[in-house]
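Participant:
2 protein chains.
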Amino acid sequence: MTATRLVIKPIDSPASFRLQAYRKLKEAITAMNVYGQAEEIRLDERRLSQELGVSRTPIREALTMLQREGFVRTVPRRGVIVVRKSKQEIVRMIQVWAALESLAARLATLHASDREIANLRHMFDDFRDGSPEGHLDEYSDANIRFHQAIIQLSGNPVLVEMTRDLFIHMRAIRQATIGQEDRAKRSIVDHMNIIEALQRRDTDRASGLVLKHALDLAVHVERHCEYLD
Amino acid sequence: MTATRLVIKPIDSPASFRLQAYRKLKEAITAMNVYGQAEEIRLDERRLSQELGVSRTPIREALTMLQREGFVRTVPRRGVIVVRKSKQEIVRMIQVWAALESLAARLATLHASDREIANLRHMFDDFRDGSPEGHLDEYSDANIRFHQAIIQLSGNPVLVEMTRDLFIHMRAIRQATIGQEDRAKRSIVDHMNIIEALQRRDTDRASGLVLKHALDLAVHVERHCEYLD
DNA sequence: TGACCAATGGTGGCATACCAGATACCATGA
DNA sequence: TCATGGTATCTGGTATGCCACCATTGGTCA
Numbered sequence: 004m005t006a007t008r009l010v011i012k013p014i015d016s017p018a019s020f021r022l023q024a025y026r027k028l029k030e031a032i033t034a035m036n037v038y039g040q041a042e043e044i045r046l047d048e049r050r051l052s053q054e055l056g057v058s059r060t061p062i063r064e065a066l067t068m069l070q071r072e073g074f075v076r077t078v079p080r081r082g083v084i085v086v087r088k089s090k091q092e093i094v095r096m097i098q099v100w101a102a103l104e105s106l107a108a109r110l111a112t113l114h115a116s117d118r119e120i121a122n123l124r125h126m127f128d129d130f131r132d133g134s135p136e137g138h139l140d141e142y143s144d145a146n147i148r149f150h151q152a153i154i155q156l157s158g159n160p161v162l163v164e165m166t167r168d169l170f171i172h173m174r175a176i177r178q179a180t181i182g183q184e185d186r187a188k189r190s191i192v193d194h195m196n197i198i199e200a201l202q203r204r205d206t207d208r209a210s211g212l213v214l215k216h217a218l219d220l221a222v223h224v225e226r227h228c229e230y231l232d
Numbered sequence: 004m005t006a007t008r009l010v011i012k013p014i015d016s017p018a019s020f021r022l023q024a025y026r027k028l029k030e031a032i033t034a035m036n037v038y039g040q041a042e043e044i045r046l047d048e049r050r051l052s053q054e055l056g057v058s059r060t061p062i063r064e065a066l067t068m069l070q071r072e073g074f075v076r077t078v079p080r081r082g083v084i085v086v087r088k089s090k091q092e093i094v095r096m097i098q099v100w101a102a103l104e105s106l107a108a109r110l111a112t113l114h115a116s117d118r119e120i121a122n123l124r125h126m127f128d129d130f131r132d133g134s135p136e137g138h139l140d141e142y143s144d145a146n147i148r149f150h151q152a153i154i155q156l157s158g159n160p161v162l163v164e165m166t167r168d169l170f171i172h173m174r175a176i177r178q179a180t181i182g183q184e185d186r187a188k189r190s191i192v193d194h195m196n197i198i199e200a201l202q203r204r205d206t207d208r209a210s211g212l213v214l215k216h217a218l219d220l221a222v223h224v225e226r227h228c229e230y231l232d
């Protein structure tokens, strides 16, 4: 019967230049290794507008958004620079992320379906046999996806949106959070315990485990990431 | 000796028009009762630029920031409108706030000074004798200041910044959160228990009480605020 | 009389020009 | 040779004008 109805296509109105520029720039900032080089990274409005083929106006509005999100900082008559978070700031962001994911776990035990929770287990299938060592990069990505999945299971879009930027910042230092000592192995154990608590619908335990897991990371970064700053 | 040296004045560079416009607009949106009227509130770039005495450019950039924060929504060729959050969105925001303030309480037990915590008690001195009824507006403001104070005690600026906008949105519906049933009285009891836990440095209890207090509010809004939407 | 269409007014999106200040470079003098 | 000061140039900030597009309205035709 649906075939007889004209399927309305919501018209993919082309995204505004401002939005396109915003996405391009955010993607570029996310991809680059901000902490890899010593000198500060400058963005030139005019150069960007030339490269993207639009005028400065949409570029500036995109930069305004990125500034509000803490990715860039613009100094009048000096330039726009990509911000490099200090270790203390990163620790504080991880703490916030801990609180948010802990709530997500709480909500997940109340609203997520058994099937959705069970799917979490498959995310680490690739690493079940061997140890994560040697595939640290892949494991790190799986790691981030796991935590994002928990956020998703909360069914709270505000949570999803507020954590998105936090993840981007944390992704930039992910090589530091994994691959030191035996963190990867202990991390997997933590994850399995979390999944188990979610499946048992043990609200307090699930949220508690998630909180502890994330706060541990904050302590770890605090102690072992002197190369930041 | 200092008199012989030229004292340097660091020059207070005036805030950019964009920033001034942003503050003015945010202040105006915060002050107005968004949920009081039925028809949507439109903002006209040209009218605003005329009223504020600047061109459209800084106005647009201010609106871009406000849009990123969820206060306005701009529809191409229709206008910029002040967003009215749905009940569900407000509930979700309260949940997020619950998680963040819970973390703040946790951190406060670890880092705040005894004196800072003790100061929390004085915030309700005006309401100690009589009941809050009859002064609901003042009590509501004291209420918000109390919760903001806990966030401050965390010593985590990221928390402070992420909750600021949440409070603004919640302030808009504050007449609904207080002044129904005996919420005000129970609220004071909750607050005193929270302060006590903070003073005893009982981390888990403090964060748990704060979480419960806030999540209770979410449930309350969910149930008793049908007039939203 | 009602429905449809064309014209017009108004909106945000974008491009461009100009401005003030900061930097970098170079000429100049000791 | 080096310190100094001026100047060219580059940067973000702002003002302004045009454009595409939607909504409304008034008129016209069936």
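Line by line, the protein sequences are chains V and B. Just add 3 to wherever you are in the first sequence, counting from 1, and you've got our numbering. Just add 3 to wherever you are in the second sequence, counting from 1, and you've got our numbering. Heads up, the beta-carbon is just placed ideally off N, CA and C, and yes, glycines get one too.
Roughly how many angstroms lie between the CA atoms of Leu162 of chain V and Ala175 of chain B, to the nearest whole one?
Facilitator: Going by the C-alpha atoms only, they are around 21 Å apart.
Participant: Suppose you measure from the CA of Gly39 of chain B to the CA of Arg87 of chain B; what does that come to, to the nearest Å?
Facilitator: Answer to the nearest angstrom: the Cα atoms are 10 Å apart.
Participant: Pick from B:Arg81, B:Arg189, B:His216 and B:Ile171: whose alpha carbon is nearest that of Leu69 of chain B?
Facilitator: The residue with the shortest Cα to Cα distance from Leu69 of chain B is B:Ile171.
Participant: Looking at Met165 of chain B: is its Cβ nearer than 8 Å to the Cβ of Leu103 of chain B?
Facilitator: In this structure, Leu103 of chain B lies closer than 8 Å to Met165 of chain B by Cβ.
Participant: Report, in whole angstroms, the separation of the C-beta atoms of Arg94 of chain B and Val224 of chain B, which I expect to be a contact under 8 Å.
Facilitator: A quick correction: the sequence has Val, not Arg, at residue 94 of chain B. About 6 Å; that satisfies the 8 Å criterion.
Participant: With 8 Å as the limit, tell me which residues of the region 146 to 175 of chain B have their beta carbon closer than that to any beta carbon of chain V; keep them in chain order.
Facilitator: Answer in chain order: Asn159, Pro160, Val161, Leu162 and Met165.
Participant: For Ile176 of chain V, which of helix, strand or coil comes out of DSSP?
Facilitator: Coil at Ile176 of chain V, not helix or strand.
Participant: Mind pulling the chain V residues with CB within less than 7 Å of Thr67 of chain B?
Facilitator: Within 7 Å Cβ-Cβ: Glu64, Thr67 and Met68.
Participant: Using only the heavy atoms of the ligand COA, determine whether one of them is closer than 7 Å to the beta carbon of Arg50 of chain B.
Facilitator: The model depicted lacks the ligand COA and carries no ligand whatsoever.
Participant: Under 6 Å Cβ to Cβ from Ser210 of chain V, same chain only, skipping five residues before and after it: list those, please.
Facilitator: Answer for Ser210 of chain V: Ser105, Ala108 and Arg109, listed in chain order.
Participant: How about Asp117 of chain B and Gly82 of chain B: do their beta carbons lie closer than 8 Å?
Facilitator: No, these two residues do not count as a Cβ contact at 8 Å.
Participant: Using a Cβ-Cβ cut-off of 7 Å (strictly less than) and excluding sequence neighbours within five positions of His114 of chain V, which residues of its own chain qualify?
Facilitator: Excluding positions up to five away in sequence, the list reads Gly158.
Participant: Name, going along the chain, the residues of the region 95 to 106 of chain V whose beta-carbon falls closer than 8 Å to a beta-carbon of chain B.
Facilitator: So the list reads Arg95, Met96, Gln98, Val99, Ala101, Ala102, Leu103, Ser105 and Leu106, given in the order they occur along the chain.
Participant: Say whether chain B places a C-beta atom closer than 8 Å to the C-beta of Arg71 of chain V.
Facilitator: True, the Cβ-Cβ gap to chain B drops below 8 Å.
Participant: Suppose the cutoff is 6 Å on Cβ atoms and the five residues either side in sequence are ignored; what does the same chain contact list for Arg45 of chain V look like?
Facilitator: Closer than 6 Å at Cβ, skipping near neighbours: Gly82 and Ile84.
Participant: Is the distance from the Cβ of Lys27 of chain B to the Cβ of Leu55 of chain B below 8 Å?
Facilitator: The answer is yes: Cβ separation under 8 Å.
Participant: Output the distance between the C-alpha atoms of Ile147 of chain B and Lys188 of chain B, rounded to the nearest integer angstrom.
Facilitator: The alpha-carbon atoms of Ile147 of chain B and Lys188 of chain B are separated by roughly 15 Å.
Participant: Closest to Thr77 of chain B by CA distance: which of B:Ala101, B:Val57, B:Gln98 and B:Glu43 is it?
Facilitator: It is B:Glu43.
Participant: For Arg63 of chain V, which option in V:Leu51, V:Ala152 and V:Gln91 has the closest C-alpha, if you only look at C-alpha atoms?
Facilitator: The shortest C-alpha separation from Arg63 of chain V is found at V:Leu51.
Participant: Which one of B:Pro79, B:Thr60, B:Trp100 and B:His227 has the shortest CA to CA distance from His216 of chain B?
Facilitator: Taking only the C-alpha atoms, the option nearest His216 of chain B is B:Trp100.
Participant: What are the start and end residues of each continuous alpha helix (DSSP H) run of 4 or more residues lying completely inside the region 36 to 103 of chain B, in chain order?
Facilitator: You should have 48 to 55 and 59 to 71.
Participant: For His125 of chain V, count neighbouring Cβ atoms within 10 angstroms of its own Cβ and tell me buried if that reaches 16, exposed if not.
Facilitator: His125 of chain V comes out exposed.
Participant: DSSP state of Pro17 of chain B, grouped into three classes?
Facilitator: In this structure, Pro17 of chain B counts as coil in the three-state DSSP scheme.
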